[in-house]
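10 is the number of the first residue of the sequence shown in the numbering used here; add one for each residue after it. Below you'll find the structure, written out as structure tokens, and then a few comments.
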Amino acid sequence: MSKGPGLFADIGKKAKDLLTKDYNSDQKFSVSTYSDARVALTSTAVKKGGLLTGDVAALYKHKNTTFDVKVDTESNMSATLTFTDLLPSTKTLEFQYFHDHASFTTAIALNQSPAIDVTATIGTPAIAFGAEAGYDTTSGSFTKYTAGISVTKPDSYASIILGDKGDSIRASYVHHLDLLKKSAAVGEITRRFSSNENTFTVGGSFAVDHLTVVKAKLNNHGKLGALVQHEVIPMSVLTISSEVDTKALDKNPRFGLAIALKP
Numbered sequence: 010m011s012k013g014p015g016l017f018a019d020i021g022k023k024a025k026d027l028l029t030k031d032y033n034s035d036q037k038f039s040v041s042t043y044s045d046a047r048v049a050l051t052s053t054a055v056k057k058g059g060l061l062t063g064d065v066a067a068l069y070k071h072k073n074t075t076f077d078v079k080v081d082t083e084s085n086m087s088a089t090l091t092f093t094d095l096l097p098s099t100k101t102l103e104f105q106y107f108h109d110h111a112s113f114t115t116a117i118a119l120n121q122s123p124a125i126d127v128t129a130t131i132g133t134p135a136i137a138f139g140a141e142a143g144y145d146t147t148s149g150s151f152t153k154y155t156a157g158i159s160v161t162k163p164d165s166y167a168s169i170i171l172g173d174k175g176d177s178i179r180a181s182y183v184h185h186l187d188l189l190k191k192s193a194a195v196g197e198i199t200r201r202f203s204s205n206e207n208t209f210t211v212g213g214s215f216a217v218d219h220l221t222v223v224k225a226k227l228n229n230h231g232k233l234g235a236l237v238q239h240e241v242i243p244m245s246v247l248t249i250s251s252e253v254d255t256k257a258l259d260k261n262p263r264f265g266l267a268i269a270l271k272p
């Protein structure tokens, strides 16, 4: 177990992953390959409606240096160069610092509207307090500010996040159902103050066996989602998901299919 509180992005992540990760209504296919020269190549294609998009990403590691480049079908390209021997973790225009009782990150996006994001977290692996702020140097205004707290126990995890510049609050609770933490139940409630709207979602995941996982979720607006994920061969996963509006059963349900191959 880590000695520090982790990053601010980790607060609420367990519940978010259980309720959103791997749920999709598109057709997605990805292939990842690895070479002896420490080069990883990933190709992804996504079909959404009648539109087909994709990207190709390459990752190269050499000693303490990592180079990551990605190009998509719209000719957008991004690249990141990472050095891990200068400071605990440094990247081009990004810095992360970890301490036994604190963590700090800052990132600067150099574009037409330069922005600075800063996060700070203090605490222990059992309890952590954190905050995040984004600042637009062009307009001279804050783009976001968020605060959160998390409590972690051997068999459960709880978090509260005040976000959207104070306009929303989200509380979540995850309870692990087995010692290996492969099955879990989750509950999350979100309130948006400006619209006086509440959203309550319950869900969970269940490991049928060491190769198959079933997940489901339902919110108070009647949206029911479910998925089955099966490891067809080692490191290669097939995911079938669906979503139904239980308050409008005359509408067709949405289905998604994702295949991730790692030869």
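Glycine residues also receive a C-beta, built at the ideal position from the N, C-alpha and C atoms. Note that the structure is a prediction, hence the values are computed from the model and not measured.
Inter-residue Cα distance where the pair is K191 and V183 = Per the coordinates, the alpha-carbon of K191 lies some 12 angstroms from the alpha-carbon of V183.
Reference F202; option with closest CA among V222, R179, T29 = Of the candidates V222, R179, T29, the one whose C-alpha sits nearest the C-alpha of F202 is R179.
In angstroms with no decimal places, state the Cα-to-Cα distance between N229 and T74.
-> Distance between N229 and T74, taken at the CA atoms: about 47 angstroms.
Residue span of the alpha helix (DSSP H) that contains D109, given as start and end = No alpha helix (DSSP H) holds D109; DSSP gives it neither H nor E.
Along the chain, where does the alpha helix (DSSP H) that runs through K25 open and close?
-> Note, K25: alpha helix (DSSP H), 22–29.
Between D77 and S251, what straight-line distance do the alpha-carbon atoms span, to the nearest angstrom?
-> In this structure, the alpha-carbon of D77 lies about 33 angstroms from that of S251.
Indicate whether the contact test is met: 3 or more Cβ pairs, each with one atom in the stretch 146–155 and one in the stretch 23–33, closer than 8 angstroms.
-> As far as the Cβ criterion goes, the stretch 146–155 does not touch the stretch 23–33, which means the pair count is below three.
Specify the secondary structure class of G175 as computed by DSSP and reduced to three states.
-> The answer is helix: DSSP assigns G175 an H, G or I state.
Where in the stretch 223–270 do unbroken runs of the beta strand (DSSP E), each at least 3 residues long, occur, reported from the N-terminal end onward?
-> Under the rule that a run must span 3 or more residues, the beta strand (DSSP E) segments found entirely inside the stretch 223–270 read 232–242, 245–254, 263–270.
Residue from A267, P163, K70 with nearest C-alpha to L186 | Of all alpha-carbon atoms in A267, P163, K70, the one lying nearest the alpha-carbon of L186 is that of P163.
Pull up the DSSP beta-bridge partners for Y144, would you.
-> Under DSSP, Y144 takes part in a beta bridge, and its partners are I125, F151.
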